[in-house]
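Take a look at the structure below.
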Amino acid sequence: MSTSATIAAPAISTEHLTRRFGDLVAVQDVNLRVAPGQFFGFLGPNGAGKSTTIKMLTGLLAPSSGRMQILGIELTQDSVAVKRQIGVVPEGMALFGRLTGSEYLNFVGRMYGLDRVTAAKRTAELLDFMQLVDQPKALVTDYSHGMQKKLALAAAVIHGPKILFLDEPFEGVDAIASNTLKSMLQNMISRGATIFLTSHVLEIVERLCSHVAIIHRGQLVAQGSLEELRAGVEAQAAAALTAAGAPHEIDAPAPAPGAKLTLEQIFLRIVGGTRRTDQELSWLG
Amino acid sequence: MAGLTFSSETRGQFSAVARVRWQLFLNSMRTIRGRMEIVARVFTFLAFGMGGIVGSIAIGFTAWYFVYSGRADWLPVLLWPVFLFWQFVPVMASAFTENVDSSNLLRFPLTFPCYFLIRIAYGSLDPPTLMSSLWLLGMSIGIACASPLLFVPAAAVLLLFAIFNILLARMLFTWMERWLAQRRAREILGVLFLFMVIGFQFIAPLLRHFGNRSQPAVSRVALQALPIERLTPPGLAGEIIAHSLRGEYPLALGWFALLGAYTLAVLWLLNLRLRAQYRGENLSEALARTAAPMAKQQIRPGWTIPGVSGAVSAVLEKEIHYLSRSGPTLFTLVMPVVVLLIFRFSPGKTDGAGGLLGHAFDLAFPVGAAYTLLILTNLVYNSFGADAAGIQFYFVSPLRFREILLGKNLTHSLLLVIEMVLVWAAASLLYRPPPWDIVLATLTGVFFALVVNLTAGNLLSVYTPKKVDLAALGRQRASQVTALVSLGIQAAVLGLCALAILLARAYHHLWLAAIIFAALAAIAIVIYFLVLKRLDSIVLQRREAMITELCRA
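Protein sequences appear in the order of chains A and B.
By the working numbering, the letter at position 226 of the first sequence is numbered 242, and the numbering carries on one by one without gaps.
By the working numbering, the letter at position 208 of the second sequence is numbered 269, and the numbering carries on one by one without gaps.
Spelled out as structure tokens, the structure:
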């Protein structure tokens with residue numbers, strides 16, 4: 017792979033990426049394309065195939081079929097070269113509970129090939145940035161969920177990756193920590209890194225991400241910039257209105273007159289509407 | 062335990078826990094690995110069951126003989142081994158004992174008595190309890206055959222003795238878990254152990270001193286100790302049966318009450334521990350420390366091990382951190398020395414100075430070495446067990462699994478070297494320094510066994526991993542399949558070693574065994590590196606199964 021080819025290549029691309037678990041097709045024919053430097057949000061309802069996709073892209077799961085390229089390198093051909101360039105916060109956070117935070121970061125740094133001194137220096141900087149210096153002797157297993165998330169993110173960036181894969185990075189993180197994480201991610205983007213994240217917090221995705229893809233029942237149903245998605249949904253709604261000749265009953269909240277569709281509204285329109293619950297679970301206090 | 066009423070809610074909770082355990086058992090059979098686990102478990106239980114039944118017949122027959130021949134006073138001779146087996150085996154083999162984690166029950170509205178009973182019920186389903194119970198059953202049948210009228214009192218006493226033992230075993234386990242969880246307590250236990258080892262040095266001269274005395278003097282000491290022995294639980298149980306046989310019922314009842322008081326005392330101590338757990342006790346070491354706000358930390362750079370890459374050094378450093386924080390593992394590592402102590406001071410067939418090894422003092426070092434290999438099984442054969450969700454990191458890092466396993470293998474080898482030095486020192490102090498040819502043969506034999514174990518261990522760590530908790534006593538056990546396969550491998554290795562030693566002895570040159578072991582080790586090393594070379598592709602095939610097993614909650 018030549019340098020120019022690597023630069024020209026998309027940061028992440030998949031072709032007909034498919035994953036089956038027995039009879040269940042968790043991910044089907046997904047064709048993703050993420051350009052270098054994009055802050056990319058990968059959305060979908062529970063069980064849609066988000067985590068399965070991110071696991072395949074990071075080498076935690078083998079695809080049943082299809083191709084994946086990271087920075088122009090075929091993942092299945094040279095996974096070690098790919099892994100050197102990426103940082104990952106997987107679903108389970110991949111932490112070693114019986115180490116202290118500094119021991120863990122030091123360990124991760126050296127596993128990514130940093131020399132002892134650099135690993136130690138970056139460990140100190142990251143612990144300071146993430147405000148994890150208060151309990152130097154505490155074991156990771158005794159950290160709060162939010163602290164563990166911050167530590168997992170620190171570990172994912174210690175080697176200065178070109179692409180960062182984050183599976184639900186804001187889940188269980190308080191507002192202060194969330195702010196710290198967001199500023200760090202935005203700094204990374206401004207320095208040319210690519211970030212691929214899944215999240216259920218659509219407000220955060222809307223604020224951070226320039227591009228979004230939506231997966232539903234294993235299939236990619238939308239992909240593009242926020243504006244492209246918004247325009248697509250609005251065009252669809254207009255077409256439906258024209259065809260029916262009357263306001264079409266859409267089972268999703270509508271924007272205030274004159275306001276733009278929010279990502280939540282776009283998401284709900286694409287994957288389906290809301291569910292009425294007032295007649296259900298009447299025994300609940 | 063006041064307040065335990067079997068309301069419909071309590072009954073519902075008991076049946077729900079039993080049902081969920083049954084459902085988990087059924088669900089575990091959905092996978093091939095799960096089915097293999099159950100087959101292995103059946104084999105294990107059959108082996109223990111056989112031991113239980115054979116022992117039960119032997120104990121039953123002996124009890125019959127004692128009662129029939131009017132020697133019911135001798136029943137403690139049978140009760141003591143049962144007591145010691147019941148109490149010491151689960152603790153000594155804590156790495157092979159299963160301690161069910163029931164902390165997740167705490168979120169349900171369980172009353173404390175209900176929680177207590179569930180803990181006792183599930184914590185007691187271990188092989189030593191089943192075997193010991195079978196032995197006591199055999200004993201009561203033997204007594205009943207000799208004297209049918211004695212059946213009811215004997216059964217009642219042995220039932221109380223069984224309850225006492227179940228509670229005592231759980232009590233010891235929970236308190237040890239408590240002590241081993243924190244560094245300060247571990248250090249105190251370590252110092253106590255050191256004193257114990259040094260103290261034992263004075264026992265040998267004492268034994269020799271008493272051993273040289275005339276027989277009546279020894280008997281006098283034994284007679285002086287007898288009243289104390291009668292007050293111990295096994296002594297009491299025997300006394301009650303003997304008094305019942307002689308029709309001395311008030312005395313029997315008195316002793317029965319005392320045994321009941323012991324049981325209540327143990328129950329109270331166990332209650333203290335379980336109540337703390339019920340209240341959500343956290344034995345974390347970190348929480349005991351005060352959080353001190355710090356400026357930017359000075360981080361000490363990681364270790365550098367000459368001759369290996371930085372990543373392998375990092376794995377080794379991480380493994381050492383893990384082991385040094387695992388009280389139960391450190392406790393297990395002391396066991397080879399304890400075994401030598403037991404061998405040294407248990408009654409032998411000679412003058413009492415040699416213990417179980419009799420005049421074969423030279424075997425102390427090989428015996429200790431063999432036991433060391435056995436206790437390392439759980440670590441070597443389940444290398445990723447303690448990593449839990451951390452296994453994901455290994456899969457996303459740019460490192461080959463052969464390097465990760467090399468780091469882990471180096472740690473385990475280092476541990477074995479340290480253990481060998483300790484065992485050699487203990488054998489030298491307790492017996493005498495082993496001759497050079499024995500040392501050479503043992504070391505080469507251990508080296509061969511180590512390479513075989515590491516090779517098989519690397520494969521089984523990938524094929525049948527099991528998440529373990531290094532911080533909790535009794536939660537380090539590898540999978541049943543691993544246990545069974547490793548047992549077979551150990552048996553094969555020991556068989557080969559025995560053959561080599563027999564051959565060497567036939568030629569009256571023990572160093573011949575060392576040469577044979579060295580040749581076997583050379584072959585084993587070639588296989589080790591061949592397996593290591595293929596490991597990355599095997600790991601890729603097993604990736605999903607490994608992550609699923611090790612990341613489960």
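Where is the CB? At the ideal position from N, CA and C, for every residue including glycine.
Check	Outcome
Cβ-Cβ distance between residue 181 of chain A and residue 105 of chain A below 9 Å	yes
Contact list for residue 165 of chain A against chain B, beta-carbon separation under 8 Å	Ordered by position in chain B, no residue passes the 8 Å Cβ test against residue 165 of chain A, which lies about 13 Å from the chain.
DSSP state of residue 206 of chain A mapped onto helix, strand, coil	helix
Option nearest residue 221 of chain B by Cα separation, candidates B/613, B/322, B/574	B/322
Distance CB(residue 441 of chain B)-CB(residue 400 of chain B) smaller than 9 Å	no
Alpha helix (DSSP H) runs contained entirely in the segment 199-245 of chain A, provided each spans 4 or more residues	218-224
Stretch pair the segment 123-143 of chain B + the segment 203-213 of chain B: three plus CB contacts closer than 8 Å	yes
Same chain, Cβ closer than 7 Å to residue 597 of chain B, five either side skipped, listed in chain order	461, 462, 463
Contact list for the segment 191-219 of chain A against chain B, Cβ threshold 7 Å	none
6 Å Cβ shell around residue 287 of chain A - same chain, five flanking residues per side excluded	61, 232
Cβ-based burial, residue 283 of chain A [other Cβ within 10 Å; buried from 16]	buried
Where residue 383 of chain B falls, given that 16 or more other Cβ within 10 Å makes a residue buried	buried
Interface flag, residue 352 of chain B vs chain A, CB-CB below 9 Å	Here the model assigns residue 352 of chain B a pLDDT of 49, short of 50, so the residue's position is not dependable, and the following value carries that caveat. Output row for residue 352 of chain B: interface = yes.
The beta strand (DSSP E) enclosing residue 31 of chain A, as first and last residue numbers	28-37
Close Cβ partners of residue 112 of chain A (< 6 Å) along its chain, the five nearest in sequence each way excluded	120
Contact set between residue 115 of chain A and chain C, taken where Cβ atoms lie within less than 7 Å	Absent here is chain C; the protein component of the structure consists of chains A and B.
Residue range of the unbroken beta strand (DSSP E) whose run includes residue 86 of chain A	81-86
Identity of the residues DSSP links to residue 116 of chain A by a beta bridge	A/155
Host alpha helix (DSSP H) of residue 448 of chain B (start-end)	Where residue 448 of chain B is concerned, there is no enclosing alpha helix (DSSP H), given that its DSSP letter is neither H nor E.
Neighbour flag for residue 108 of chain A against chain B, beta carbons, 9 Å	yes
Interface flag, residue 68 of chain B vs chain A, CB-CB below 9 Å	no
Where residue 98 of chain A falls, given that 16 or more other Cβ within 10 Å makes a residue buried	buried
Rounded separation between residue 252 of chain A and residue 240 of chain A - CA only	16 Å
Three-state class that DSSP yields for residue 296 of chain A in the structure shown	coil
Nearest-angstrom Cα separation, counted from residue 279 of chain A out to residue 250 of chain A	12 Å
8 Å CB neighbourhood of residue 90 of chain A in its chain, flanking five on each side removed	83, 84
Contact with chain A by residue 606 of chain B, beta-carbon distance below 9 Å	no
Three-state class that DSSP yields for residue 309 of chain B in the structure shown	coil
Sequence-distant residues of the same chain with beta carbon closer than 8 Å to residue 220 of chain A, five excluded per side	186, 194, 198
Rounded C-alpha distance that separates residue 366 of chain B from residue 374 of chain B	6 Å
Interface partners of residue 5 of chain A on chain B, CB under 9 Å	Since the first residue shown for chain A is 17 and the last is 301, residue 5 of chain A is missing from the structure and cannot be characterised.
Interface partners of residue 131 of chain A on chain B, CB under 9 Å	362, 371
Whether residue 236 of chain A touches residue 50 of chain A by CB criterion (9 Å)	no
DSSP bridge partner residues for residue 301 of chain B (one or two, in chain order)	In DSSP, residue 301 of chain B forms no bridge with anything.
Under 9 Å by beta carbon: chain A residues contacting residue 457 of chain B	74, 75, 76, 99, 102, 103, 104, 106, 110, 172, 181
Contacting residues, own chain, Cβ-Cβ under 6 Å from residue 330 of chain B (five flanking each side not counted)	232
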